[in-house]
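Residues -1 to 185 in the numbering used here are what the sequence shown lists, from first letter to last.
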Amino acid sequence: MDLEGAPQWTGLDPGASDAEEVRGLVAVLVAADGTRSTKSQVAGFLLDVWCLGVKNALAPEPMSESRLAGHRGVYFSAYEGHVQVPAPLARALVFGAAAYARGFGFEPEGEVAEEFAEAVVLLGEPAGPSPIGFGRDGKPFFVNGPYDDPEQVLRTLRRAVGDDGFHFEVAFPEQPSRRRRLFGPRR
């Protein structure tokens, strides 16, 4: 992912320091002020900005400021830190990653698709095509997680961009029989 096409966000690259370590994964947490209470509506997204787009989503949930502070710490605990970014950058990341992956034939499915549809409401409408460059070195780069089906993803990429149109690294060749929520159970 690169922000070269978005000079307004230079210096705010949310994945710059840990991109190699986290394999193209970016977590986005969105908090929107509630209209009828003092609680914010909080939603989350786990994005693969190199290839697959939306890996997971958490539907909006009301949270007090103190609960949100604790949730933020847990949410970003897999990363060395987090960067607060403006809402337009979060919107461009989420909608852009989804559109990038859709271009290759990847869409959120099942429960992830349902929660994504609920969660993106907090972001508002996309302001047009994302100025963010997705992929790695100009191409999709697939690094599977333990719940991905590498063979199916590679077939899809080959159909979309040919054998030379992407890079990949298969880290977990054997797959479990069922998919697990990436963020754990909902409370």
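Every residue gets a Cβ at the ideal spot worked out from N, C-alpha and C, and that includes glycine.
Backbone CA spacing between residue i and residue j [nearest angstrom]
i: R134; j: F164; result: 9 Å
i: A96; j: R157; result: 19 Å
i: E59; j: E116; result: 10 Å
i: V119; j: N142; result: 28 Å
i: L87; j: P124; result: 10 Å
i: D46; j: T36; result: 33 Å
i: V83; j: P148; result: 32 Å
i: I130; j: E105; result: 19 Å
i: F140; j: Y98; result: 13 Å
i: G42; j: E78; result: 18 Å
i: L23; j: F93; result: 15 Å
i: K137; j: W48; result: 8 Å
i: D31; j: G160; result: 45 Å
i: V26; j: G103; result: 22 Å
i: K53; j: R21; result: 13 Å
Boundaries (first-last residue) of the beta strand (DSSP E) holding residue i
i: F139; result: F139 to V141
i: F43; result: S38 to D46
i: P60; result: G51 to M61
i: E167; result: H165 to E167
DSSP state of residue i mapped onto helix, strand, coil
i: A67; result: helix
i: V72; result: helix
i: G94; result: helix
i: A25; result: strand
Residue i classed as buried or exposed, judged by whether at least 16 other C-beta atoms fall within 10 angstroms
i: Q150; result: exposed
i: T154; result: buried
i: D146; result: buried
i: S75; result: exposed
i: V72; result: exposed
i: V168; result: exposed
i: E109; result: exposed
(Q) My parser needs the beta strand (DSSP E) runs of 3 or more residues fully inside the stretch 107 to 163; what are they? (A) 139 to 141
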